[in-house]
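Under the UniProt record's numbering, the letters of the sequence shown match residues 1 to 557, in that order.
Where a beta carbon is used, it is the ideal one built from N, C-alpha and C, also for glycine.
Below is one structure; the comments refer to it alone.
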Amino acid sequence: MATQQDLQELLRLLTVTRKVPMMQAMAHIKALQGVNLRRASIKQIAEAPQPDVESAIKDAKAARALQNACKAAVKLGVTGGKRPAAAGATSGAAAKRAKLGDGDGGMGGPAQMTPQELERSLELPLCTDEEMIAGTVLQTNRAPLVLAFAVELLRYTMPEQPLSSRLSLAQAVVSANSRSKAVSIGIEKGPSAEEEGYGEGQPRVRVMGREVAVLKRGGYKWKGDEEVGEGADQAKETQETSTTSVVLDTPTPTWSVSQPVTLKSSTFVARAAAITDASQRSKMLADLMAANPKLQTATHNAWAYRIKLYSGASFMREDSFDDGEAGCGDLLLRVMREVSAVDTIVVLTRWYGGIMLGPDRWRLMRDCATGALAGRLRKTGAEVSLGGEAVWGLDLEAARNRPSGIGGGGGGYGSSRNETSVVGMHIHRPEAARSYLLRSFASATPEPTAAAPADAGGGGGGDGDGGGAKAKKGATPKKKTQKALDAEKEENLGLLLGAIRLVFDSWADHLAPADLDRRAWSWYTAVRPDVDSGPSGWGAKGSLKLKTILDLRRKED
């Protein structure tokens, strides 16, 4: 019987060493298990008769290459068991493991860090002082500016993603754009890793108009600063209705209730129940309010429902109501579509605490809605795959180019410093993306001012210094230390992110997330530094006036 470790090691050998696309590698493993190689381990394949391997792989040359690779791996000690280690190397290996860490399946940062600690360690500087922003001019190249735009954009289009995921996704966009640009100007040739089948079968998300392959971070539990209540008195809430009701003779609805979530004095809670006809909606809401008088004190009671018109129908009847919580109804419908919820109504309640939450409200509303839907669908026995999981951006070029990558330190694509592999899959590390941002925005060198003109009265008289003909030379500015330069770059990054956030804040309540994503690229191209269009402009730096970013804000009517 194949163990998980056996399968992972064989899958890694196929995808990393043999560079076989993931879907094809899975098919090879299934075929091997069908020819008396049930364990499908590297050692078993190495010791198996060659005809057995060839009967599974079909291609004799590929089968021999696979068996030879397995034999080489066995020689190196890559078998289904633990590798022997020299006694003297034990402490060094342990120290290395402690340094690298393998939390979240090897991809979530140091093992000793909780998700909350990881997210706090990745926090970025932010300054929204408009006067300071307007007077700042930076010296940078284009790639880190794309990264900054993407990180801030994802706060609004995918607010359920933690900062670590937003950094990883943003770096995936930068790497894909860099690769496309390299091909267009002749620096790179040939098909991309994606075109060669790397990342095939992986889910994808769209960021700044570009689709990137992602990997779900299974088991990664993260939340912001909100407080999650127990909700014990509501977990099994049942809405009782009068037995004399004759409205379509509906059964007593059972409401599944999410855990209440509180952030900055605002509290959110969601409820979900079955509904089979739109005419039931008003009666159900009235009964819900009567049974829970506290709901009548809420600031907003938004709702949405999806109903199948008849058995076998592909068209759904959908309706929603924001009740003053802008965009909430559309969000509820979107979440219901993601989990394929039908004949279901969701009510989301908010008690407003007097403090604007910004994009965090979208994440909290989504969490509550999915929690209520999950509870209801579990009760009906339906299978549900909740949306909104944290994800990593996959580094497809690194998977193909390993161990040598092109570009460096977060700016290029396929960089070995950005990759982490688990079962042959490489991701963009958030730490590398953050480091790239912190070191990429220097202050522009002030343009030299013209020398003061000579005194018009110079040349005559015996006093003075000849009318300024011997003007003093400007003092050479003192060279800054590396520590001072790093601090300046960090401050500049905060001003840049503040400028971008002010732009997105001005548009967020007026554009849907998809529209905001489409506009983000045009905003970037409107302000990016001017560089040569050919190979000479690759990685070149230019000036970026932050005032031009502020000018992108929505003009109030």
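Taking the DSSP output, what are the residues bridged to residue i?
i	result
A272	S256 and V346
M316	K308
E211	R206
L442	The identity of residue 442 in the sequence shown is Ala, whereas the question assumes Leu. Per DSSP, Q139.
M113	Partner(s): none; M113 has no beta bridge.
F149	Looking at the DSSP assignment, F149 forms no beta bridge with any residue, so it has no partner.
F321	W303
To the nearest angstrom, how far is it from the Cα of residue i to the Cα of residue j?
i	j	result
Q5	C70	15 Å
residue 590	D360	What is shown of the chain runs 1 to 557, which leaves residue 590 out entirely.
A326	A369	16 Å
V146	Y524	7 Å
K19	I42	16 Å
L126	A148	12 Å
T140	S440	6 Å
A286	L295	11 Å
I355	W521	31 Å
W303	S265	22 Å
P144	A46	46 Å
L263	A514	26 Å
residue 559	L331	Examination of residue 559 is not possible in this model, given that the chain is present from 1 through 557 alone.
N177	M26	29 Å
N36	A73	21 Å
E431	E490	15 Å
E196	K545	40 Å
K541	K221	39 Å
T267	M158	21 Å
D551	E131	13 Å
R363	C328	11 Å
L333	R12	40 Å
R64	L32	13 Å
I57	P21	14 Å
A48	L66	12 Å
Using DSSP with H/G/I as helix, E/B as strand and the rest coil, what is residue i?
i	result
G393	strand
W303	strand
W351	strand
L263	strand
S41	coil
T17	helix
I187	coil
K216	strand
M158	coil
M132	helix
M289	helix
M356	coil
R166	helix
L126	coil
V531	coil
S192	coil
G371	helix
L552	coil
K479	coil
Quick one: using the 10 Å Cβ neighbour count with 16 as the cut-off for buried, is residue i buried or exposed?
i	result
S256	buried
M336	buried
Y310	exposed
I500	buried
P191	exposed
A87	Confidence in A87 is poor, its pLDDT being 38 and thus under 50, which makes the residue's placement unreliable; the coordinate value appears in the next sentence. Exposed: under 16 other Cβ atoms inside 10 Å.
P203	exposed
D486	exposed
K379	Low confidence applies here, because K379 scores a pLDDT of 38, under 50, leaving its location unreliable; read the following figure in that light. Burial call: exposed.
R120	exposed
S536	exposed
S385	Note that S385 has pLDDT 36, beneath the 50 cutoff, so the model's placement of it is unreliable and no number is given.
A150	buried
A313	exposed
Q44	buried
L396	buried
H510	exposed
S184	exposed
If I follow the unbroken alpha helix (DSSP H) through residue i, where does it start and stop?
i	result
E338	C328 to E338
Q33	M22 to Q33
V527	P513 to V527
L295	Note, L295: premise wrong, no alpha helix (DSSP H); not H, not E.
A487	Q482 to A508
D52	Q50 to I57
A60	A60 to L76
Can you tell me where the beta strand (DSSP E) with residue i in it begins and where it stops?
i	result
G542	G542 to K545
Contact criterion: CB-CB distance below 7 Å. Does residue i meet it with respect to chain D?
i	result
Y198	Protein chains in the displayed structure number just one, and chain D is not present.
Please confirm whether any heavy atom of the ligand FMN lies closer than 6 Å to the CB of residue i.
i	result
G218	Summarising the ligand content, the structure contains no ligands, and the ligand FMN is consequently not present.
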